[in-house]
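This report refers to the structure that appears directly beneath it.
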Amino acid sequence: MYYNKTTDQINLRVGEISQKNVSQAADHLTLVMKGYDSVSKSIIGNLDIQRMLTQVESNTSVQAISQRSIENVLGSIYYSRDDLVGIYMLTNEGKIYSYGSFTHAIDSEYSNKDWYKEIKKSKGEMVWLGMQQESIIDLMHQSPVFTFGRVLYDIYSNKPIGIVVIETEPAVVLNVLSNLNLGSHGESYILTRDNRILAYSGFPANKELKAVDLPPMSEDELTYMNNDAGFLTVVEKQPILDWRIVSVTPNSDLNVELDKNERFLFIVSGLLVLLSIGLSVFFSRMIAAPIKKMVRGMKQVERGQFDVLLEVKSFDEVNFLVSAFNRMVSRINQLIERVRFVSTSEKNAQLHALQSQVNPHFLYNTLDMIYWMLDEKENEKLGNIILSLSRMFRYSSDWEYAEITLREEMEQIRHYLAILQARADEGLHVEIDVPDACLQTELPKMTLQPIIENAIVHGLMLQEVQGRLWIHTEMDEHALTIHIRDNGVGIPCEKLGKLQDIVLKSTEEYIANESFSQEQSEEIGIGILNVHRRIVIKFGPDYGLQIRSEENKGTVVSIRLPITNQMVQQFKLKGVS
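With the first letter of the sequence shown counted as 1, position 199 gets the number 199 in UniProt numbering; the numbers rise by one all the way through.
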């Protein structure tokens, strides 16, 4: 209250001073504008100019002498004042007479300009055009000017014969307006009766003036002052020119003297706030300590610690809340254990279901190859094929141990490739590079065979050149990657995108703890999709298949598997890859 009271008193005093300044500025501007009015009247009332303008003369020499005489008269008037920039006299016949400090380049389109039409519509009174960024008629003059003009009448016939336009230096008007500014952020400007801006203190740097809403003033009201909306606004009406002189000053510029009081009040307020904080802390420790302890227990539950049990002795209401919280945590813990058990059971069921789909699919493809071999080779290599096939059946039908080592899986793959090479004769070349250090890696049973089968059936058998198949491994500190690459026909880009999307979707379903969808794809086959899902279920979403392919160049299927700590140590010591 003290601060507001002091501010109001100072603003009232400052407002009175600002009102006197505006009144003095209005009187000063009246004197300046009367001088400009006298200059214009000395031109339109000059008898020599009147005579030479109304005199009809066909002799070009006499016309040149008349133009020179008129320009001499304009020159004498020009040099009578220091603030004139240019004097221009434009007749109705299109003749132009001018005088200034520089060579003029008159705008030939001046008759189409708004300022020309405005002067032509007047009845002989002064037309104030105000501040301009550059000359409105002289194309050579690019500096700011203050412009005004009036109609030129024949003093004998009282008929308009042209107009007179005068441009002056804006410094005189700007100095008057700048003296009205009480602070660095204040603005002063001149408005006409219809609120058109003639001049403002920020000209020409501030090309856009902020709009200020001014209330209507009665005819007999000469002064208006308002200190609302954060600004001190003073308006002085100038009845002779029919102008309004406006001064707008932000209150922040007026309150400089209140800085010390403001700082003192802020210090006292800060001390009171600190005292309030101290009292709040004291009472909160006495009253809210049990509630804070319960909040800490809630945060522990939020972080996943569901074995929290609170023991708080406080008011009956708080004890009731603590008891309800403990019951809720116990119930959540029971539900989580139930969900964990159901999720584990579901994953095991999914794993066995996926594995059971492999045998019929594999046996169908193998019997189909045996059929064609018997037909083409006439039983020449049937003994070796039957031996390999029997071992494959024994391996694929025994699911008592679903997780085996890479060594056992590679032995199965060699039997499978022996059958395929016997079938293809010289049409299939296989290269295997799997170091012994990698053979102890665990993986789901029947992981490699579906991928190799897919590479041969959908890649190598569809081309005429010799098929080549490479099986090699890479090991880093975190995983073993088995690459199965062929030089087959490859996979078209659109189909490859679908395959990659299906594999990615299976991983996302596992992360979301959802059951695998039954969606299948002809391009990827049930075997490869089952392999990926079994790896993800067994080892997690960081492992599984990745498929890359280029048309007419071949396909690479990479199988990422986890490795044991012993294999990690061997990798660091020997650099196995």
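Glycine included, C-beta positions come from ideal geometry on N, C-alpha and C.
Mark residue i as exposed unless 16 or more other C-beta atoms lie within 10 angstroms of its C-beta, in which case mark it buried.
i: M392; result: buried
i: R244; result: buried
i: G94; result: exposed
i: N59; result: exposed
i: P239; result: exposed
i: L504; result: exposed
i: G270; result: exposed
i: V430; result: buried
i: C493; result: exposed
i: N195; result: exposed
i: Q449; result: buried
i: N487; result: buried
i: M446; result: buried
i: D307; result: exposed
i: N21; result: buried
i: V557; result: buried
i: R13; result: exposed
i: A289; result: exposed
i: I119; result: buried
i: A437; result: buried
i: H185; result: exposed
i: S388; result: buried
i: F231; result: buried
i: G130; result: buried
i: A199; result: buried
I'd like to know whether the C-beta of residue i is nearer than 9 angstroms to at least one C-beta of chain D.
i: R196; result: Protein chains in the displayed structure number just one, and chain D is not present.
Once DSSP output is grouped into helix, strand and coil, what is the label at residue i?
i: I563; result: coil
i: V536; result: helix
i: P250; result: strand
i: T441; result: coil
i: G554; result: strand
i: E109; result: coil
i: residue 645; result: With the chain covering only 1 through 577, there is no way to say anything about residue 645.
i: A479; result: strand
i: F282; result: helix
i: F148; result: strand
i: I484; result: strand
i: H104; result: coil
i: E474; result: strand
i: R468; result: strand
i: I17; result: helix
i: D194; result: coil
i: V308; result: coil
i: T91; result: strand
i: I240; result: coil
i: V268; result: helix
i: G544; result: strand
i: V322; result: helix
i: V568; result: helix
i: S549; result: strand
Hey, residue i and residue j are a contact pair by Cβ (cut 8 angstroms); roughly how many whole angstroms apart?
i: E187; j: V234; result: With 8 angstroms as the limit, E187 and V234 do not qualify as a contact, their Cβ atoms being about 12 angstroms apart.
i: R534; j: P444; result: 4 angstroms
i: I385; j: A479; result: So it is not a contact: roughly 36 angstroms between Cβ atoms.
i: I49; j: I70; result: 6 angstroms
i: S490; j: G540; result: Rather than Ser, the amino acid found at residue 490 in this sequence is Gly. Their Cβ separation, rounded to whole angstroms, is 30 angstroms, which puts G490 and G540 out of contact at 8 angstroms.
i: V164; j: M89; result: 5 angstroms
i: residue 582; j: N181; result: This structure cannot settle anything about residue 582, because the visible part of the chain is limited to 1 through 577.
i: I502; j: L529; result: 7 angstroms
i: I136; j: T147; result: 6 angstroms
i: N46; j: V73; result: 6 angstroms
i: L406; j: L460; result: That pair is no contact at about 23 angstroms.
i: V322; j: V312; result: 5 angstroms
Per DSSP, residue i is paired with what?
i: L232; result: T249
i: V127; result: G149
i: V430; result: L469
i: Q132; result: V145
i: A199; result: I190
i: D114; result: Answer by DSSP bridge pairing: none, since D114 is not bridged.
i: D501; result: DSSP, once it has assigned bridges, lists no residue as partnering D501.
Going by the C-beta, is residue i closer than 8 angstroms to any heavy atom of the ligand PLP?
i: S506; result: The ligand PLP is absent from the structure shown, which contains no ligands of any kind.
Pick out the complete beta strand (DSSP E) segments inside the segment 150-183, 3 residues or longer, and give them in chain order. Fully enclosed beta strand (DSSP E) runs of 3 or longer: 160-168.
Identify every run of the beta strand (DSSP E) within the segment 400-428, keeping only runs that are complete inside it and at least 3 residues long; order them along the chain. For the segment 400-428, whole beta strand (DSSP E) runs of length 3 or above, ordered along the chain, are 403-405.
Which parts of the segment 21-101 are runs of the beta strand (DSSP E), unbroken and 3 residues or longer, counting only runs that do not cross its ends? Qualifying beta strand (DSSP E) stretches, in chain order: 84-91 and 96-100.
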